[in-house]
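Notes follow the structure.
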Amino acid sequence: MDIYIKSFNRPYLLERVLQSIVRYVKGFDKVVILEDGTPKIYLDRIQKDFPFVQFRYSPDYERKAQGERAKMAAPTEFWRKEIEKATDYFLLIEDDIWIYQEIDLKNAEQLCKANEISILKLKWWGNEKLVNGTTVTLDDSNELLLPKMKFASETLVKNRYFLHSLLILLKIMPKNYFLEMYSIYDVAGIIFSREYYLHVWPKNQNFIQEMIQLGKAAEWFRTHKNKKVAKSKNEACLTTFVSSATGNKDKLGFDMDLINDILNKAWYEQKLDSMLQFPKDMRLDYVQSFLEGHIHPQQIDAWRNWSYSFRRNFTNMGSSLIAYNNMDEVPPEN
Numbered sequence: 003m004d005i006y007i008k009s010f011n012r013p014y015l016l017e018r019v020l021q022s023i024v025r026y027v028k029g030f031d032k033v034v035i036l037e038d039g040t041p042k043i044y045l046d047r048i049q050k051d052f053p054f055v056q057f058r059y060s061p062d063y064e065r066k067a068q069g070e071r072a073k074m075a076a077p078t079e080f081w082r083k084e085i086e087k088a089t090d091y092f093l094l095i096e097d098d099i100w101i102y103q104e105i106d107l108k109n110a111e112q113l114c115k116a117n118e119i120s121i122l123k124l125k126w127w128g129n130e131k132l133v134n135g136t137t138v139t140l141d142d143s144n145e146l147l148l149p150k151m152k153f154a155s156e157t158l159v160k161n162r163y164f165l166h167s168l169l170i171l172l173k174i175m176p177k178n179y180f181l182e183m184y185s186i187y188d189v190a191g192i193i194f195s196r197e198y199y200l201h202v203w204p205k206n207q208n209f210i211q212e213m214i215q216l217g218k219a220a221e222w223f224r225t226h227k228n229k230k231v232a233k234s235k236n237e238a239c240l241t242t243f244v245s246s247a248t249g250n251k252d253k254l255g256f257d258m259d260l261i262n263d264i265l266n267k268a269w270y271e272q273k274l275d276s277m278l279q280f281p282k283d284m285r286l287d288y289v290q291s292f293l294e295g296h297i298h299p300q301q302i303d304a305w306r307n308w309s310y311s312f313r314r315n316f317t318n319m320g321s322s323l324i325a326y327n328n329m330d331e332v333p334p335e336n
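In case it helps, the numbering used here puts the sequence shown at residues 3 to 336.
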């Protein structure tokens with residue numbers, strides 16, 4: 003089984019992800035990094051430290067690596083074309099999703115094939131609503147998930163007959179109505195069957211719109227009654243709340259690309275320890291120590307407030323982020 007990692011110019015996090023693979027994952031074939039903008043000087047260090055990885059470069063890689071990232075689209079068609087070359091089953095993660103439970107991918111592949119599993123979820127943000135349904139034990143580490151879906155979910159998520167738009171207009175659609183549909187899809191932190199992935203990501207989709215993927219996922223399981231969903235018994239992946247791959251600096255009040263560039267440089271100079279507090283997320287105070295003197299204090303405050311809001315969004319939807327360990331640094335909402 004291959005491992006694919008989407009990379010967005012955050013080598014200080016990519017190193018953490020690769021270290022987690024070395025520590026916790028066995029039974030994989032290739033580790034392929036789908037690279038979308040990390041400067042080559044950083045990739046050379048990654049290649050030196052992890053000689054087993056292979057790089058694939060997006061069409062806009064060179065421009066993004068030179069800093070032309072603003073308003074450039076995500077390389078969805080590039081991702082799809084690379085996944086077309088994948089093994090029948092593959093693990094897909096991103097440069098901010100690391101593994102902290104032991105995973106045997108050969109065993110997982112055999113399990114998926116024997117039970118006709120289309121996705122095996124390893125990550126759900128500490129939110130049982132994202133793995134909603136009845137479970138049936140498969141082995142010591144994994145279980146089948148029989149999802150519970152709301153009536154007409156596929157019709158509504160596809161906005162067929164404009165029902166979704168109408169219900170929102172009439173303020174009838176409850177908040178987070180589609181949350182449990184993530185039981186049958188998520189963007190990463192999943193072992194996918196290649197066949198399923200290529201179905202939910204149609205050709206020539208040149209933008210990210212998860213409603214499309216949720217609708218295609220519902221369509222897949224409606225038309226493939228024999229296909230199944232599974233999950234690990236314990237959540238096996240964690241993520242960061244100290245940065246994101248993108249962000250509108252006018253809306254955020256700070257430049258996320260600049261923050262990532264500062265942290266990348268600190269990592270390259272061996273000042274930033276990407277494994278600090280692993281498997282927990284890095285603390286804001288630690289990250290802030292690298293930002294001070296490089297960006298205005300008001301922007302640092304805006305960045306911290308963004309991180310607080312990022313986490314609150316998940317806890318407000320029902321996520322328990324205790325595993326991420328740093329909820330103590332999030333002040334109570336006013």
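The beta carbon of each residue, even a glycine, is placed where N, CA and C say it ideally should be.
Contact check, residue i vs residue j, beta carbons under 9 Å
| i | j | result |
| --- | --- | --- |
| residue 258 | residue 248 | yes |
| residue 332 | residue 284 | no |
| residue 4 | residue 38 | no |
| residue 121 | residue 7 | no |
| residue 11 | residue 66 | yes |
| residue 298 | residue 264 | no |
| residue 129 | residue 312 | no |
| residue 95 | residue 239 | yes |
| residue 261 | residue 286 | no |
| residue 205 | residue 58 | no |
| residue 43 | residue 270 | yes |
| residue 150 | residue 104 | no |
| residue 221 | residue 90 | no |
| residue 306 | residue 335 | no |
| residue 280 | residue 47 | no |
| residue 92 | residue 60 | no |
| residue 13 | residue 36 | no |
| residue 318 | residue 282 | no |
| residue 137 | residue 148 | yes |
| residue 40 | residue 266 | yes |
| residue 211 | residue 256 | no |
| residue 106 | residue 29 | yes |
| residue 274 | residue 127 | no |
Classification of residue i by the beta-carbon crowding that lies within 10 angstroms, buried from 16 upward
| i | result |
| --- | --- |
| residue 16 | buried |
| residue 64 | exposed |
| residue 289 | buried |
| residue 225 | exposed |
| residue 209 | exposed |
| residue 277 | exposed |
| residue 20 | buried |
| residue 54 | exposed |
| residue 237 | buried |
| residue 125 | buried |
| residue 217 | buried |
| residue 141 | exposed |
| residue 51 | exposed |
| residue 22 | buried |
| residue 9 | buried |
| residue 330 | exposed |
| residue 75 | exposed |
| residue 268 | buried |
| residue 219 | buried |
Contact belief for residue i with residue j at Cβ below 8 Å, rounded distance in angstroms
| i | j | result |
| --- | --- | --- |
| residue 195 | residue 134 | At roughly 21 Å, the Cβ-Cβ gap does not stay under 8 Å, so residue 195 and residue 134 are not in contact. |
| residue 207 | residue 78 | 6 Å |
| residue 101 | residue 26 | 5 Å |
| residue 308 | residue 254 | 6 Å |
| residue 320 | residue 131 | 5 Å |
| residue 33 | residue 56 | 7 Å |
For residue i, the residue or residues it bridges with in DSSP
| i | result |
| --- | --- |
| residue 135 | 149 |
| residue 27 | 105 |
| residue 271 | According to DSSP, residue 271 bridges with nothing at all. |
| residue 8 | 36, 96 |
| residue 239 | 101 |
| residue 56 | 34 |
| residue 122 | 193, 232 |
| residue 91 | 195 |
| residue 297 | 294 |
| residue 144 | 234 |
Stretch-stretch touch, CB-based, cutoff 8 Å, three pairs: the stretch 222-238 with the stretch 98-118: yes
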